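A.B. asks:
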Amino acid sequence: MLRSVVRLQSVLDGARPLRKYFTRDPTSYFSLHRKSYSSVLTERRKFYDDVSISQGDGGVYEINLDRRKLKTPGGKLFTAPNEALAIAVATEWDAQKDTLKFYTMHLTTLCNTAIDNPTHRDKKQMITAALKFLETDTVCYRVDDPPPLVELQRNEWDPALRWIENRYNVVIGSSSNILGPEIPKATIDSFRQHLNSYNFWSLTGLEYVITQLKSVVLSLGLIDRHLTVEEAVLLSRLEEEYQIQHWGSVEWAHDYDLYELRARTAAGALFVQLSSESSTAQRKLMQD
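The opening residue of the sequence shown carries number 192 in my numbering; numbering runs sequentially from there.
(1) Can you give me the C-alpha to C-alpha distance between residue 271 and residue 289, rounded to a whole angstrom?
(2) Spatial neighbours of residue 333 within its chain, please: C-beta separation below 8 Å, excluding the five flanking residues on both sides.
(3) Which residues in the same chain as residue 256 place their Cβ atom closer than 8 Å to its Cβ, once the five residues preceding and following it in sequence are excluded?
(4) Determine the DSSP secondary structure at residue 419, reduced to helix, strand or coil.
(5) Inspect the CB distances between the region 313-327 and the region 376-393 and report whether three or more fall short of 8 Å.
(6) Which of helix, strand or coil does DSSP assign to residue 308?
(7) To the nearest angstrom, report how far apart residue 311 and residue 305 are at their CA atoms.
(8) Which of the three DSSP states is assigned to residue 273 in this structure?
(9) Relative to the C-alpha of residue 323, which residue among 273, 387, 389, 407 is closest?
(10) What first and last residue would you give for the alpha helix (DSSP H) that runs through residue 314?
(11) Please state the DSSP three-state secondary structure of residue 253.
(12) Roughly how many angstroms lie between the CA atoms of residue 337 and residue 298, to the nearest whole one?
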């Protein structure tokens, strides 16, 4: 079980500053197209009073703002594949106050992305993009100095690696080399086959979670409910938390970044679950 980084303070005393690492972020769909696809205002005055859902043709669900049907930034009719996801999106719109804060509406944004698919990607391309993160996975890159951080990474990241290797019968490994570990082709093929079992909407959510955590290992651990959101986020920020515990943080900025990352990660994981399960199972889950 994950230990709180705060409790490791005694281990961190006397550690030296961390060296600067090269960026391990491969170019992703979400980062590359954030500006071009976010042409809609991030805030806007609220223009409706009531939010409701209705079932449309083909069994999909629509969101109604008063008597207006919600549309995507691309001008398409906004539809959700099942009732549970539609309710979740409607709740985001209903929770808005006098000003619409679109940057807080993560489920709506993910639905828009799945519907508009602005770069016209198919499942194969999405899976390839997601698997690129495995080559640069956060938990696979280790430091060889200072010793307290080496031990921290081993104690906290190794269990996640052992779990996913056993869960999917693969070999991943870790390395302190700047090039990272060499991922076997059989491992890539196994994950490719697994990801292919997801539908297009679920892959949209999963890729979003992966881009937040910079880790396929932690993302699948979260989606498979081996990790909680709090655990997955803390593990993804392990080096940063180490530095903060030793050198301190900018007042309020650290907490803001942490809570924002938790919110985005939780929304992505919820999106995967709601877009993966049958409507019947989702209704039962919501009732429970």
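Note that the Cβ used here is the ideal one computed from N, Cα and C, for glycine as well.
If you're wondering where the values come from, they're calculated on a predicted model, not measured in any experiment.
C.D. replies: In short, the structure shows the following:
(1) 25 Å
(2) 341, 344, 345, 348, 365, 366, 367
(3) 238, 239, 241, 242, 284
(4) coil
(5) yes
(6) coil
(7) 10 Å
(8) coil
(9) 407
(10) 314-323
(11) strand
(12) 40 Å
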